[in-house]
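Below you'll find the structure, written out as structure tokens, and then a few comments.
Residue numbers (this note's numbering): 1 to 605.
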């Protein structure tokens, strides 16, 4: 046995062990020797190699090495295949920054083909460093057969899965209010939104909406409305009340205000209640809107809505259907107009009085000042709360009515909850806590992205009748429909956009819809897409006995793996999950290349 000196050079010792492993093909031989053993399936969550590896990558890989290595020592067959996540907003934004771009207009001026070529190059730029880190830390994983989510075979497997989803009636296009990033110019999914909340201080305003007809008008009453988004008042169409809640007309400081009785204390002391009535008695009560900046007709009255609560505010909720999902449902029920004066870049239409050209959040200042000047502002206080921001560019999001493609994950909510109950979570509290709560509040998956570098949504729509559309599951299917060989086609934009097919219903020309899909769907499809299933003929190893990533993946990869697996195979993609904490920087923030606060792992090695 070799005698060690009193002062051991640990890095040198580690390098000698690594050299011995490599020279003796120890990892490869361990797989060969256990190839006939009982399978133990492990999935490697794919990083994006458009940035240098950080210490946070090392943490997860320690655990992802430990458990498969132990199972191999027990004689189990544990193939470990590396992978690379290639698509999505993080990649696009990094390339935009390199090129000095400020938005989508710059990309289209530069050329989509050229921009996507830069994106493709960027996700291969640091692969060598990731491989060097992987070897240096002793993580046993097969880098030679790594999957890439941008490979045509991978993309076609994703297409096939979306075709399965569509055939089950779970892929739909709808005009809904969705979280939207004005900087990136695209809608985001709920699990992306969950990763970007920031604590901000916004104006909290109580605004008078004077009643214009009926008994309350004879009292000189005003509806008192509370909001933390004054900019949405420009698009107000109605005020919602709960039909079963009791409301009061109360005199305070010489004026009459209408509020929900449980929230009467908001008016302060010395209040005289003049009348009590149920919310349903207020239906269709007309009022004077707070701003007359956009043309609106057949609007501005009280509507009934069961979603209104008396937890905070006044029990009267102003309705701006272009910017609120609940508001849009109310508008559809009453036939109210939907008016959106905010452009896709987040600024108000330039010809709009008072706030034209201003960013929506910035416009609050001028709007609140105008309300005060006209005597409509009852109270104005700063309000600190958590507000959603883009998880990649940090721009404040707005909820925006626009057409998007959705996967109806709400239709499989019960199955997701059932699969979660079967999952062995570590820590166990995640099952009914952070992750279980998330599933309980599951909403439909906003799938489409109005972007460029991603898996194209494989939907071709009739140019004569937009109701007619079809979805393709492979390049072979697409080529057969188009009457040409597209087997060698790069399935990315803009090349796939040039393929035309006849409409199955009327024979008219059909073109691909312009959207790409959420990059999180790519990574959620990796259990089967990594082997090109079903077109390769290779069966996927499914489900995984073990996966491991940081705790934030309960809103990311853990969710998309379970959702895609359940959508396609009616079963979750994994059985056991180990959730890790984050490595934090000196300010208590998680280390992330997005924040630029990572430590170089090679210096630590």
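Don't be surprised by glycine CBs; every beta carbon is placed ideally from N, CA and C.
On a predicted model such as this, the values are computed, not experimentally measured, just so you know.
Assumed close pair residue 205, residue 377 - CB separation to whole angstroms, cut-off 8 Å: About 6 Å separates the Cβ atoms of residue 205 and residue 377, confirming a contact at the 8 Å cut-off.
Local conformation of residue 272 per DSSP, three classes: Strand at residue 272.
Whole-Å CB distance - residue 363 paired with residue 226, under 8 Å assumed: About 19 Å separates the two Cβ atoms, so there is no contact after all.
Span separating the alpha-carbon of residue 304 from that of residue 291: Residue 304 and residue 291 have their C-alpha atoms roughly 22 Å apart.
CA-to-CA distance, residue 257 to residue 96, given in whole angstroms: Going by the C-alpha atoms only, they are around 51 Å apart.
Three-pair Cβ contact test at 8 Å for the stretch 413 to 426 versus the stretch 243 to 253: Under the three-pair Cβ rule at 8 Å, the stretch 413 to 426 does not count as touching the stretch 243 to 253.
Residues bridged to residue 148 [DSSP beta-bridge criterion]: According to DSSP, which records beta bridges pairwise, residue 148 is partnered with 84.
Classification of residue 73 by the beta-carbon crowding that lies within 10 angstroms, buried from 16 upward: When all chains shown are included, residue 73 counts as exposed.
Three-state secondary structure assigned by DSSP to residue 448: Looking at residue 448 - three-state DSSP - the assignment turns out to be strand.
Secondary structure of residue 536, DSSP reduced to three states: Coil at residue 536, not helix or strand.
Cβ neighbours of residue 126 in the same chain (closer than 8 Å, five flanking residues each side left out): For residue 126, where only same-chain residues beyond five positions count, the Cβ hits under 8 Å are 49, 50, 51, 52, 53.
Contact the stretch 125 to 139 vs the stretch 10 to 18: 3+ CB pairs below 8 Å: Pairwise C-beta distances place the stretch 125 to 139 in contact with the stretch 10 to 18, as three or more of them are shorter than 8 Å.
Cross-strand partners of residue 347 (DSSP beta bridge): As a beta-bridge residue in DSSP terms, residue 347 pairs with 359.
Contact check, residue 381 vs residue 370, beta carbons under 8 Å: Contact: no.
Meets three-Cβ-pair contact criterion under 8 Å: the stretch 183 to 190 and the stretch 164 to 172: Judged by Cβ distances under 8 Å, the stretch 183 to 190 makes no contact with the stretch 164 to 172, as fewer than three pairs qualify.
Of the listed residues 324, 83, 173, 124, nearest to residue 467 (C-alpha basis): Measuring C-alpha to C-alpha distances from residue 467 to each of 324, 83, 173, 124 identifies 173 as the nearest.
Residues sharing a beta bridge with residue 285, DSSP: Beta-bridge annotation (DSSP): residue 285 is not paired with any residue.
Cβ separation of residue 238 and residue 319, assumed to be a contact under 8 Å, to the nearest whole Å: That pair is a contact at about 4 Å.
Cut-off 6 Å between Cβ atoms - residues of its own chain near residue 606, not counting five sequence neighbours on either side: Past the edges of the chain, shown from 1 to 605, lies residue 606, and the structure says nothing about it.
Residue 445 beta carbon less than 8 Å from that of residue 406: A contact, by the Cβ cut-off of 8 Å.
Boundaries of the alpha helix (DSSP H) in which residue 134 is found, first to last residue: Counting along the chain, residue 134 sits inside the alpha helix (DSSP H) bounded by residues 127 to 136.
Reference residue 474, options 536, 440, 268, closest by Cα: Answer by Cα proximity: 536.
The alpha helix (DSSP H) enclosing residue 527, as first and last residue numbers: That run of the alpha helix (DSSP H) goes 526 to 529.
Segment contact, 8 Å Cβ cut-off, at least three pairs: the stretch 493 to 510 with the stretch 117 to 134: Flag = no, the stretch 493 to 510 and the stretch 117 to 134 do not touch.
Bounding residues of the alpha helix (DSSP H) (the contiguous stretch that carries residue 209): Note, residue 209: premise wrong, no alpha helix (DSSP H); beta strand (DSSP E) at 197 to 210.
Beta-bridge pairing of residue 334 - partner residues as DSSP gives them: According to DSSP, residue 334 bridges with nothing at all.
Integer-rounded CB distance, given that residue 463 should sit under 8 Å from residue 510: Contact between residue 510 and residue 463 holds: their C-beta atoms lie close to 7 Å from each other, under 8 Å.
Among 113, 103, 57, 387, the one whose alpha carbon lies nearest that of residue 179: With distances taken between Cα atoms, residue 179 lies closest to 387.
Neighbourhood of residue 608 by C-beta, 8 Å cutoff - its chain only, sequence neighbours within 5 removed: In the structure displayed, the chain extends from 1 to 605; residue 608 sits before or after that span and is not available.
Contact set for residue 152: own chain, Cβ-Cβ below 6 Å, skip 5 residues either direction: If we look at residue 152 and ignore the five residues flanking it on each side, its Cβ neighbours are 491.
6 Å Cβ shell around residue 425 - same chain, five flanking residues per side excluded: Exclusion of the five residues before and after residue 425 leaves 431, 577 as the residues of its chain whose Cβ lies within less than 6 Å of its Cβ.
Residues sharing a beta bridge with residue 510, DSSP: Residue 510 is bridged to 462, 501.
8 Å Cβ cutoff met for residue 261 and residue 271: In this structure, the beta-carbon distance from residue 261 to residue 271 does not fall below 8 Å.
Cβ neighbour criterion (16 or more within 10 Å) applied to residue 297: Residue 297 should be labelled exposed.
Buried/exposed call for residue 595, threshold 16 Cβ in 10 Å: Label assigned to residue 595: exposed.
Nearest-angstrom Cβ-Cβ length linking residue 340 and residue 322, presumed shorter than 8 Å: Correct: roughly 4 Å between the Cβ atoms.
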